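Take a look at the structure set out below.
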DNA sequence: ATGACATGTCGTACATGA
């Protein structure tokens, strides 16, 4: 089973690119971010015509997340993160699909830093960490997929020293990501490509894609049960080179039906985090 | 250090993004 995440940067403006990618790459389940469309303007029919059912949480102009599936019903379990009833951004949607509980997320960008937007990013991250702990505690096969707006390490940025003051690479943001992973999540792409320069975003400026001046900010995190089923994780890099494309590329994992590897022993820090 | 480019909006400039 192939599960992908893709920040489309406008689901309607990007519809031809999205549909072409769905046909060519054939993911079974997809998390989309940055729909930039109100609830009633999601292109449900075009997506359904390709064999996908969908749930989505739209918002006028900004944000917006969706989950698509061509492998069975989508059982929505929540939209919006708990912990702040005043947070009206459409940034989180969660569903059980084909035996996997999937949280699709679009973490706040946080720039400029310092400022209220950066504070919001860190608060949102804290709420995600709290909720993620509950998900892990369930023992179910769980995945968190989306645009985390964080480069976890130096290896994930084309030029780390240029990004130190940016909200996407700030020590506080990286620390929050590390805290999340410390609960016991597996960063699928990094785990199967250790030490490799591998990016998921290239900005539109200065020929960034051609120069491979990229960032790795779109992540697929697997709970221990799912990590045992991980067989592949890749970036559909070519999509970033298409006409009228998003500044992000799709990222996906292939999961086997059964465990493929022996579970590694939990680290002491993980045991502590789960208590 | 700046700005390059792209999105959507009751546009024709602005807010937002990363």
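Residue numbers (UniProt numbering): 1 to 275. Think of the CB as a built atom: it goes at the ideal place given N, C-alpha and C, for glycine as much as any other residue. Remember, it's a predicted structure, so these values are computed and weren't measured experimentally.
By the Cβ neighbour-count rule, residue 152 is buried, with 16 or more other Cβ atoms within 10 Å of its own. A residue is called buried once 16 or more other Cβ atoms fall within 10 Å of its Cβ, and residue 39, having fewer, is exposed. At the C-beta level, residue 104 and residue 135 stay beyond 9 angstroms of one another. Secondary structure of residue 180 (DSSP, three-state): helix.
Its chain contains 228, 229, 230, 231 as the residues whose beta carbon lies nearer than 8 angstroms to that of residue 260, once the 5 sequence neighbours on both sides are disregarded; these appear in chain order. With distances taken between CA atoms, residue 22 lies nearest to 69 out of 42, 65, 69, 64.
Taking each of 226, 209, 74 in turn and checking the Cα distance to residue 241, the smallest one comes out for 209. Put simply, the backbone Cα of residue 34 is about 30 angstroms away from that of residue 257. The alpha-carbon of residue 175 is positioned some 13 angstroms away from that of residue 183. Three or more beta-carbon pairs separated by less than 8 angstroms are not found between the segment 218-226 and the segment 162-172, which leaves the two stretches without contact.
Of the candidates 170, 196, 177, 177 places its Cα closest to the Cα of residue 132.
Per the DSSP secondary-structure output, residue 142 pairs in a beta bridge with 101. In the structure shown, the three-state DSSP call for residue 123 is helix.
Looking at the DSSP output, residue 78 sits in a beta bridge with 94. Residue state for residue 169 is assigned as coil, using DSSP reduced to three classes. Burial check for residue 90: the Cβ neighbour count within 10 Å reaches 16 or more, so the residue is buried. The alpha carbon of residue 86 has as its nearest neighbour, out of 97, 120, 109, the alpha carbon of 120.
With a 10 Å radius around the Cβ and a threshold of 16 neighbouring Cβ atoms, residue 18 comes out buried. Each of 112, 137, 222 was checked against the Cα of residue 169, and the nearest Cα belongs to 112. When the Cα atoms are used, residue 37 and residue 214 turn out to be separated by approximately 26 angstroms. A distance of 9 angstroms or more separates the beta carbons of residue 156 and residue 107. In the DSSP assignment, residue 62 falls outside any alpha helix (DSSP H), carrying neither H nor E.
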